[in-house]
Each structure stands twice: as structure tokens, then as C-alpha cells.
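K.L.:
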Amino acid sequence: MVTTPLQVKDTVGIEAPHLERLFQALTEQGYEVIGPTIRDGAVIVGRLTSVQDLPIGWTDEQDAGKYRLKRREDQAYFGYSLGPQSWKRILEPPIQELWSAERGAKGFSLIPERSPSPSYALIGVRPCELRAMEIQDKIFLGGDLIDSDYKSRRDAFVVVVNCSQAGGTCFCASMGTGPAATSGFDLALTEIFNADKHYFVVDVGSVRGAELLSKLAHWPATAVEKEAAHQVVAETARHMGRTLNTAGLKNLLYRSYDHPRWDNVAARCLSCTNCTMVCPTCFCTTVKDATDLEGRKAERWKEWDSCFTTEFSYIHGGSVRATVKSRYRQWLMHKLATWNDQFDALGCVGCGRCITWCPVGIDLTEEVRAIRGTDSTARGETP
Amino acid sequence: MIQTLEPIIREHPFFHGLDEQYISLIAECATNVRFEEDAVLFRQSDPADHFYLVREGLVAVELMIPHRGYTTIFTAGNGEVLGWSWLFPPYRWHFDARALHLTRALAFDGKCLRTKCEEDHDLGYEMFRRFTQMMTTRLESTSLQLMDLYGANA
Amino acid sequence: MAPTLEHQVTETLSPQLMLPDLYRIQRLKMETGDTFTLEMIPDNGVSLSFLPGQFNMLYVFGVGEVPISISSDPSASPVIQHTTRVVGTVTKAMGTLKAGDAIGIRGPFGTHWPVERAKDRDVLIVAGGIGLAPLRPALFWLMSHREQYRKIVLLYGTRSPDDILYRHELEHWRGKFDLEIQVTVDRAASTWRGNVGVVSTMIPRAPFDSSNTTAFVCGPEVMMLFTVMELRKRGVTSAHTYLSMERNMKCGIGWCGHCQFGPTFVCKNGPVFCLEQIEPILGKAEI
Chain A
13 MVTTPLQVKD TVGIEAPHLE RLFQALTEQG YEVIGPTIRD GAVIVGRLTS
63 VQDLPIGWTD EQDAGKYRLK RREDQAYFGY SLGPQSWKRI LEPPIQELWS
113 AERGAKGFSL IPERSPSPSY ALIGVRPCEL RAMEIQDKIF LGGDLIDSDY
163 KSRRDAFVVV VNCSQAGGTC FCASMGTGPA ATSGFDLALT EIFNADKHYF
213 VVDVGSVRGA ELLSKLAHWP ATAVEKEAAH QVVAETARHM GRTLNTAGLK
263 NLLYRSYDHP RWDNVAARCL SCTNCTMVCP TCFCTTVKDA TDLEGRKAER
313 WKEWDSCFTT EFSYIHGGSV RATVKSRYRQ WLMHKLATWN DQFDALGCVG
363 CGRCITWCPV GIDLTEEVRA IRGTDSTARG ETP
Chain B
87 MIQTLEPIIR EHPFFHGLDE QYISLIAECA TNVRFEEDAV LFRQSDPADH
137 FYLVREGLVA VELMIPHRGY TTIFTAGNGE VLGWSWLFPP YRWHFDARAL
187 HLTRALAFDG KCLRTKCEED HDLGYEMFRR FTQMMTTRLE STSLQLMDLY
237 GANA
Chain C
239 MAPTLEHQVT ETLSPQLMLP DLYRIQRLKM ETGDTFTLEM IPDNGVSLSF
289 LPGQFNMLYV FGVGEVPISI SSDPSASPVI QHTTRVVGTV TKAMGTLKAG
339 DAIGIRGPFG THWPVERAKD RDVLIVAGGI GLAPLRPALF WLMSHREQYR
389 KIVLLYGTRS PDDILYRHEL EHWRGKFDLE IQVTVDRAAS TWRGNVGVVS
439 TMIPRAPFDS SNTTAFVCGP EVMMLFTVME LRKRGVTSAH TYLSMERNMK
489 CGIGWCGHCQ FGPTFVCKNG PVFCLEQIEP ILGKAEI
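Protein chains in written order, with this note's numbering: chain A, 13 to 395; chain B, 87 to 240; chain C, 239 to 525.
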């Protein structure tokens, strides 16, 4: 065992079973360990008590409107791609009480809801998901106003897992968001699984990551091991399920408000909101005010919302976006065009969830391709 | 000596760009008129022999609706042109018009102008061009009024 | 209290941002059949400093919250007013509030009518229906700084003579200040001795210098579209034309995503927009 203290940017190796010690060390430090686990036939995000809770030896087959789990021939810990849930479940809970109020003689008094959120350790954050979190940071931490609740949750210990398998609908390579992460994490793991060895190549990304990793048995990664890790990621990048050409994308879409393709997709879209629920960057919420039957107590709750509902754009008299066409257009334009003007980045990270979980298999890479294909303006613009 | 109305016609935006020769032709059909407050300019089904160019004041174009009384459809104020029924047979007014305030206007003799337009189709084109534009503006405005934009479900 | 026109950058933490402040209703005044003005003061005595054109989120206990423009004189703070019509459950509940009742307020939010950019220029204000309410604070401002502006013209269109808002105030201003006011209605009985027709038709004849005018426009979107058309015809540039837009709002602080209008958030990039900025999408259906 090495005795010199670890530093940021160090790369070490750890035996796969030693991941259990990582879980223990995190728990000892007071973190609640959250990560991928199998429930109801899918890989979801939940509490992990041990490494055994991971989907060991499982993989998934994904395509437009299709998701199936399948047994692997090996016992890889992270041999699957993405499930329907993203880390926004943890960082912005789907339902949150904001405050409650009580009616009294002099009006009403407000009691803010202040249940402190636990310190989370997020295991198995994929590079695209990490990028999605950074994109959301711009919204909740990057402007004049700071969402302090989001800020404290965002302080979670992040253990990235670089992807050793490309999902059927993945296109992180097109979006520049993966399959490996280079910063923004505490630790980043690349799983190496071959006939004689099963280990992780670990990149240290932070001081607290270095401190935690020091508690585990590890060795300085050799050049061969580092190369093996690079090869795993390179191989993943070569097997992306989809591609998206992002050149001049924002302006292409700004030119295409009246493109006939919107009618085409509107004929298929059910406006079911699945895509917004599974998307790791979608952030829309609504506010619900409720009262008890006596009218003495009131509560305000914040809940996830979706631009695909007719209520979303309702102003006295009717909805601004009454047609499915306008709502699909709003979603896609926001994700790939207006987001850029709002937050200086594209809203899509290429995770492919919206393609997988759309009940009718709408594929936004295909929609963009169709719009670009009949765009008459000169191509090759810089975004 | 009768003061010529040519300067008034020449300066008016409605006749902007009209050839000098036509200005004098049109002036031959024009007279200065004045309506006291509440004076009636014309009533529905009266012969439509004139159109008016309001110089100063306000004229309400109204319709008498049984049980509801007189309802104002639109008003014509300073600088606005009123009346197109003189252009087409049977040359009868479709609405009533009443001066809301003391109003000074130029009244143009419809028969006189129609004759001149028949004689010179270029003049006819100039007049019809201007009236068509005025009518489309009026139609647009009326459509917006109809939409009840400020109504409860706007 | 003199409000400053400078944009304030503050780092504020939630949940404070979603927690209303308690205000007390001083009175409810019926303006027309379905439109009323609520006048209120803060329970804790702290004045709300706001700029003309900004809005608050008003909360009625147990019913809900709605965005409403502030319609009072900024210098009359701590007393503030909101004028609204009954359009849903919350505004209906607001309409039953009495003096002494409590109401919650979050704000002020949004951009303001840039009165500072209209200095030494003619100011043209075009209001349609309840659109006069968000412009009223700007009118107060202009009146109390009258010497900084050249001609001030208000063109106000509404449904009928019975729907004219702030009638006495308009007459007072007309009489007291160098301010040209022209009112028009969509429909009227013959007892109405004023203009009948949509407000945009008054623009061609209105007495302002197109080459040196700043225009503030507020009303139903269709009315604003036609007003913009007439302004363009007169040569008022997009850079000097400002509109107040409206969209569904839930948070008022740019986080819930509801108020998006193209790439803008109406709650923080608006509601007052320079026409130049929104011209590409203004009038496009279902944006």
C-alpha cells in the first residue's frame, strides 16, 4: 500500500471488490450513498447499502421506445447505460413543500419548510449526467439569485463512472459530454474487466476525493492500466447509438419555426411528458397552493412540471400553446436553441433517454436531421 | 372673391402625391362646409352625393338599432376622410352621421367627381387607389373592434 | 421614497424568494364592472421600492398566487395598488377582500418602462384596456419629472365608455399638466361624444415627433401588434418602442420555466421588452 498522500489529478488503481470499502468510508463520513439499482425491470436511482445493490452482471438494450434489461456474461458492476431516472430526482426532488401557513386573528403567518437535506454521495454518475448537473448549476446557481436548497444538495460527493458501454440511444460523443469526464467530480472510475483482472482506474478530482480514496487499498496506475482505461472509453465513443450534428444548430432552428416537420412530429407525439420527466436538464416546475377543509391551514408545494401540458402556458382565456405541434416545438427549440441564448450552452447532453422512453419512439436526432435536410440556407454556420 | 380650396387639398395627406392638374380639377368639386354640434351630416338611405374631408371636429357614424338606440360604429376626426357610398350605385348612404362637436370639413360633390373620373381614367385610378386604401384601413379597424380584444375572454 | 433606476444585482437565497410578505388591504375600489383596484400597505412597515412596469406575485391565503402589475405611484410607497379584472379563482377571491384583510406579496419582479431613456424626447403611451394599469406608474413618474420630457401623449383605447379606467385621474392630468390624452372606445351609444374605433387608428394623427419619440405600449397582444404596425408607418424605430408582454407565471424569478417567450423569460427579461429584442418572434403563433 502506498503511503504518500494522494493529490488531485492522481490516477490510481483499486480492486473491484474494494468498492465496498468506498461505500463504507462514505457512510462513516455521514454521506447517504445513492446510486444505480434495479427495481421494476429498470435501473433506477436509489439508496445503496452495499456494492451488492448495484446491477452487477446486468446490461440493457435500448432503442427508440424500447428498454430491456439483459443478463451479461460477466459480473461487471457498471456494464449498463442509463435508466429512466437522472440525478435531478435527488438534486431537485419531484415534490417539495416550500412553506405552510396558518390563518389567525391578524391574517396569516408563514412557516418556511426547512427540513435539512442529507449529505449525499452519488455513485455511478455518468459524464453526460455530470454535464447535465453543470448545466443546471447555471440556472440555479449562476444568475443573480441562488437556490440555496439546490446548492446544499449539489454539494454531494460525486463518484463518476466513465462509460464502458454505449447505450442504444446514446450520443454523448456528438454533444462533447462523454463518454469520459475530465473535471467536476470527486472521483472518476473506469471499470476494466478482463479474463484475469477486475479493477477500476480511478482519477482523483478533489481534495476530499483524495482523502477518501487514501482509506482504500490502491496502487499508482501504470501506463498500461491508464491506456486500458482510455481504450475502454474510446471503444464506447465508437459505438454510439445516435449522432447529432450540432453545427449552426441554434440558428438552424431559429430559421425553422414554420418548418413542416413540426406537423409531422405532432401527428405522432402524444404529449405524454415522458421526455421531460426523464431528461436530466429539464427543470420546469409548478407551484401548488393547497388548504385544508376548514381553511385554517395552507401549504405551498413545488412540483416537477412539463411544457407538454396545456396548463403550462395558460393565461386568462386559454393556452398560448394549444396545439401539440407548438408544445413539441417549444420543447425542442428550448433544448437545442433558446437554451443557448439563455444559459450559454446547449440544453441537451446526448443521454438518449427521451428517445428510449418515448412511447412512440420519437427521436430528436432524427427530427433535427429532417429539419436540417430541407433547410435551404447555407450550411456550415458556426453555432 | 371665392377663396380657392386648392391649398387645403394640396396639403392634405389623403391627396398626397396627386398631380397639380388633378388638384385643381378636384377643387372644382369641393366646397367648405360647417356642422354645428349635433348637426346631422346624412341619414341612412339618403342620396350619397358627397364625401367629406374632416378638417376640424369629430363626426360619429351611427346605426339605429331597434330597442338599442343609436350605436356609434366609428368616428372620423381631424384629417380623416368620410364616405365611400358615392363611388358605387345606388349611391345611397348606409349609415347615419352626426357631428359630435363643431365640425369644419370639405365636402366633395360625388356626381361632379364621378363625371371627371369617367372623363379621365387616370384621375379615376388616383381616386380609387386612395379610397381603396382608406377602406382597407377601415375594414381592419372594424375587424379589431369586432374581436372585442378588451372583452372578458381576451 | 425615491426609487433608483439602476438595476440591482442581489444574491438572495431561497426559500425567502418563495415566501410572501404580509400586506394589509386598505381598500378595494371597483373601477368598472369586473375590474377593481386593491390598495395595500406592508404589515411590517417596510416600503416596497419598485419601478414603473414591474409586477408582484399576489397570494390569497389558501387559494393561490397570480402575477399582477403594480399600478400605483412609485413615490406613494409604502401604499401600493394593483388593478386587475376577475379572470380566475385567485382574482375572484381577491375581489372579495375587505379593508383589514391580509394578502401576501412577493416582488417586485421584472424590467421597467425605461423612462430614463426617454429624456428630452417626446413620449407616446399607447394603452389598451387594462393595459393602462401597468402604464399608470410610468405616467405618475413622467408627471412628477415633467420638465425632463418634451411632448407627452397618451392614447387610450378600451371596450366602452363604462370601461374607462382612472377616469378622474386622466381628467385631472389633462387639465393640470401639459399632457395630450386621447381616448377611444370599441363601441358606444350615441351619448358618448368621443372617438370610436381601435386605438391604433389614432396613431397616424397623434401629435408627436416620430424622429424623436419613445413609445410605451401595453394591452392585448393583438392590439400591440397593430399599434406597432402603425408606429412603424410613422417612423418610430423599434429601438425606441417598448412593449409589456404577458405569459403564465408560477415563480416570478426565472426558475419554473413557465413564462418563456422564445429565448426570454417574461418575469426577468420582461415584462417590459424593447421591440428590437422581440421583433423576430412577436406575432408568431403559439410561441
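For glycine and all other residues, C-beta sits at the position ideal for the given N, C-alpha and C.
Relative to the C-alpha of Met221/B, which residue among Gly169/B, Arg184/B and Asp208/B is closest?
P.N.:
The count along the second sequence starts at 1 and reaches residue 221/B at position 135. Ranking Gly169/B, Arg184/B and Asp208/B by Cα distance to Met221/B puts Gly169/B first.
K.L.:
Can you check whether the C-beta of Val277/A is within less than 7 Å of a C-beta belonging to chain C?
P.N.:
For the purposes of this step, residue 277/A is identified with residue 265 of the first sequence, where counting begins at 1. Val277/A does not count as touching chain C.
K.L.:
For the stretch 434-441 of chain C against the stretch 215-229 of chain B, are there 3 or more C-beta pairs whose distance is under 8 Å?
P.N.:
Contact holds: three or more Cβ-Cβ distances are below 8 Å.
K.L.:
Let me see if you follow: with CB-CB separation under 7 Å, is Val474/C close to chain B or not?
P.N.:
Counted from its first residue, the third sequence places residue 474/C at position 236. Not an interface residue.
K.L.:
Whole angstroms is fine: what's the gap from Glu32/A's alpha carbon to Glu484/C's?
P.N.:
Here residue 32/A corresponds to residue number 20 of the first sequence, with the count starting at 1. Here residue 484/C corresponds to residue number 246 of the third sequence, with the count starting at 1. Roughly 54 Å separates the two Cα atoms.
K.L.:
Quick one: does Gly103/B have its CB under 7 Å from some CB of chain C?
P.N.:
Reading the second sequence from its first residue, position 17 is the one you call residue 103/B. With 7 Å as the cut-off, Gly103/B does not count as an interface residue toward chain C.
K.L.:
Count the other C-beta atoms from every protein chain shown that fall within 10 angstroms of the C-beta of Gln97/A, then say buried if there are 16 or more, exposed otherwise.
P.N.:
In the first sequence, the residue the question calls residue 97/A occupies position 85. Buried: at least 16 other Cβ atoms inside 10 Å.
K.L.:
I need the DSSP call for Trp343/A, collapsed to helix, strand or coil.
P.N.:
Numbered from 1 along the first sequence, position 331 holds the residue referred to as residue 343/A. In this structure, Trp343/A counts as helix in the three-state DSSP scheme.
K.L.:
Threshold first: 3 residues or longer. Then list the beta strand (DSSP E) segments lying entirely within the stretch 82-133 of chain A, N to C.
P.N.:
Those beta strand (DSSP E) runs which fall completely within the stretch 82-133 of chain A and span 3+ residues are 107-116 and 119-124.
K.L.:
Name the one or two DSSP bridge partners that Ala246/A has.
P.N.:
Against the first sequence, residue 246/A aligns to sequence position 234. Answer is none; Ala246/A lacks a bridge partner.
K.L.:
With 9 Å as the limit, tell me which residues of the stretch 285-302 of chain A have their beta carbon closer than that to any beta carbon of chain C; keep them in chain order.
P.N.:
Against chain C - using a Cβ distance shorter than 9 Å - the residues of the stretch 285-302 of chain A are Cys294, Phe295, Cys296, Thr297, Thr298, Val299, Lys300, Asp301 and Ala302.
K.L.:
With a Cβ-Cβ cutoff of 7 Å, do Ile135/A and Val171/A count as a contact?
P.N.:
For the purposes of this step, residue 135/A is identified with residue 123 of the first sequence, where counting begins at 1. For the purposes of this step, residue 171/A is identified with residue 159 of the first sequence, where counting begins at 1. Yes. Within cutoff.
K.L.:
Check each candidate in Gly119/A, Val24/A and Glu203/A and name the one with the smallest Cα separation from Asp86/A.
P.N.:
Here residue 86/A refers to the residue found at position 74 of the first sequence. The option with the nearest alpha carbon to Asp86/A is Glu203/A.
K.L.:
Looking at Leu265/A and Ala349/A, is the spacing between their C-beta atoms short of 7 Å?
P.N.:
Residue mapping note: residue 349/A aligns to position 337 of the first sequence, counting from 1. Residue mapping note: residue 265/A aligns to position 253 of the first sequence, counting from 1. Yes.
K.L.:
Within the same chain, show all residues whose beta-carbon is closer than 6 Å to that of Cys115/B, passing over the 5 residues directly before and after it, in chain order.
P.N.:
Residue mapping note: residue 115/B aligns to position 29 of the second sequence, counting from 1. Once the five neighbours on either side are set aside, the close Cβ partners of Cys115/B are Phe194, Asp195, Cys198 and Leu199.
K.L.:
Compare the C-beta of Leu186/B against all C-beta atoms of chain C and say whether one is closer than 7 Å.
P.N.:
Mapped onto the second sequence, residue 186/B falls at position 100. It does; some Cβ of chain C falls within 7 Å.
K.L.:
Take Ala331/C and list the residues in its own chain whose beta-carbon comes closer than 6 Å to its own, dropping the five residues that flank it on each side.
P.N.:
Your numbering for residue 331/C matches position 93 in the third sequence. Closer than 6 Å at the Cβ level, and outside the excluded window around Ala331/C, lie Val298 and Val301.
K.L.:
Note down, in chain order, each residue of its chain lying with its Cβ closer than 7 Å to the Cβ of Ile318/C, except the 5 sequence neighbours on either side.
P.N.:
For the purposes of this step, residue 318/C is taken as the residue at position 80 of the third sequence. Counting only Cβ-Cβ distances below 7 Å, and skipping sequence neighbours, we find Met278, Leu286, Ile308 and Ser310.
K.L.:
So Gly25/A is in the alpha helix (DSSP H); what residue range does that whole segment cover?
P.N.:
For the purposes of this step, residue 25/A is taken as residue 13 along the first sequence, with counting starting at 1. No alpha helix (DSSP H) contains Gly25/A, which is instead part of the beta strand (DSSP E) from Thr23 to Glu27.
K.L.:
Mind checking the stretch 157-168 of chain B against chain C and listing, in chain order, the residues whose C-beta falls within less than 8 Å of any C-beta there?
P.N.:
Residues passing the 8 Å Cβ filter: Thr157, Thr158, Ile159, Phe160, Thr161, Gly163, Asn164, Gly165 and Glu166.
K.L.:
State the DSSP-derived secondary structure class of Glu146/A, mapped to helix, strand or coil.
P.N.:
The residue you call residue 146/A lines up with position 134 of the first sequence. Looking at Glu146/A - three-state DSSP - the assignment turns out to be helix.
K.L.:
Along chain C, in chain order, which residues have C-beta atoms closer than 8 Å to that of Val332/A?
P.N.:
Sequence index remark: in the first sequence, residue 332/A carries index 320 (1-based). What Val332/A touches in chain C: Arg485, Asn486, Glu524 and Ile525.
K.L.:
Quick check on DSSP: helix, strand or coil for Ser171/B?
P.N.:
In the second sequence, the residue the question calls residue 171/B occupies position 85. If DSSP states are grouped into helix, strand and coil, Ser171/B belongs with coil.
K.L.:
When DSSP labels each residue in this structure, what does Lys488/C get in the three-state scheme?
P.N.:
As a position in the third sequence, residue 488/C is number 250, starting the count at 1. Reduced to three states, the DSSP call for Lys488/C is coil.
K.L.:
How many Å lie between Asp234/B and Gln515/C at the Cα?
P.N.:
As a position in the second sequence, residue 234/B is number 148, starting the count at 1. As a position in the third sequence, residue 515/C is number 277, starting the count at 1. So the two alpha carbons sit approximately 28 Å from each other.
K.L.:
Identify the contact partners of Phe274/C in chain B, using a Cβ-Cβ distance below 8 Å as the criterion.
P.N.:
Position 36 of the third sequence, counted from the start, is the residue given in the question as residue 274/C. By Cβ distance, chain B contributes nothing, its closest Cβ being about 14 Å from Phe274/C, past 8 Å.
K.L.:
Would the stretch 345-361 of chain C and the stretch 399-418 of chain C be scored as touching if the rule is three or more Cβ pairs under 8 Å?
P.N.:
The stretch 345-361 of chain C vs the stretch 399-418 of chain C: no contact.
K.L.:
Would you say Gly217/A and Leu94/A are within 7 Å of each other, going by their C-beta atoms?
P.N.:
By 1-based counting over the first sequence, the position of residue 217/A is 205. By 1-based counting over the first sequence, the position of residue 94/A is 82. Contact flag unset, no.
K.L.:
With 7 Å set as the bound, which would you pick, yes or no: does the beta-carbon of Arg431/C sit closer than that to a beta-carbon of chain D?
P.N.:
Chain labels in this structure do not include chain D; the protein chains are A, B and C.
K.L.:
On the three-state DSSP scale, how would you describe Thr248/C?
P.N.:
On the third sequence, position 10 is the one that residue 248/C refers to. Because the pLDDT of Thr248/C is 45, which lies under 50, any placement of that residue in the model is unreliable, and the question is left without a value.
K.L.:
Under a CB-based cut-off of 7 Å, is Gly302/C close to chain A?
P.N.:
Here residue 302/C refers to the residue found at position 64 of the third sequence. By this cut-off, Gly302/C is an interface position.
K.L.:
Using a cut-off of 8 Å between C-beta atoms, extract the partners of His328/A located in chain C.
P.N.:
Start at 1 with the first residue of the first sequence, and residue 328/A comes out as number 316. Near His328/A (Cβ distances below 8 Å), the residues of chain C are Val325 and Gly326.
K.L.:
Have a look at Glu122/B and Ala162/B and give me their C-alpha separation to the nearest angstrom.
P.N.:
Walking along the second sequence from the start, residue 122/B turns up at place 36. Walking along the second sequence from the start, residue 162/B turns up at place 76. Each residue's alpha carbon lies about 15 Å from the other.
K.L.:
Contact between the stretch 167-184 of chain B and the stretch 128-146 of chain B: three or more CB pairs below 8 Å?
P.N.:
Judged by Cβ distances under 8 Å, the stretch 167-184 of chain B makes contact with the stretch 128-146 of chain B, as three or more pairs qualify.
K.L.:
When you compare the CB positions of Gln386/C and Lys357/C, do they come within less than 7 Å of one another, or not?
P.N.:
Here residue 386/C refers to the residue found at position 148 of the third sequence. Here residue 357/C refers to the residue found at position 119 of the third sequence. Yes, these two residues count as a Cβ contact at 7 Å.
K.L.:
For Glu73/A, name the three-state secondary structure that DSSP assigns.
P.N.:
Numbered from its first residue, the first sequence carries residue 73/A at position 61. Correct three-state label for Glu73/A: strand.
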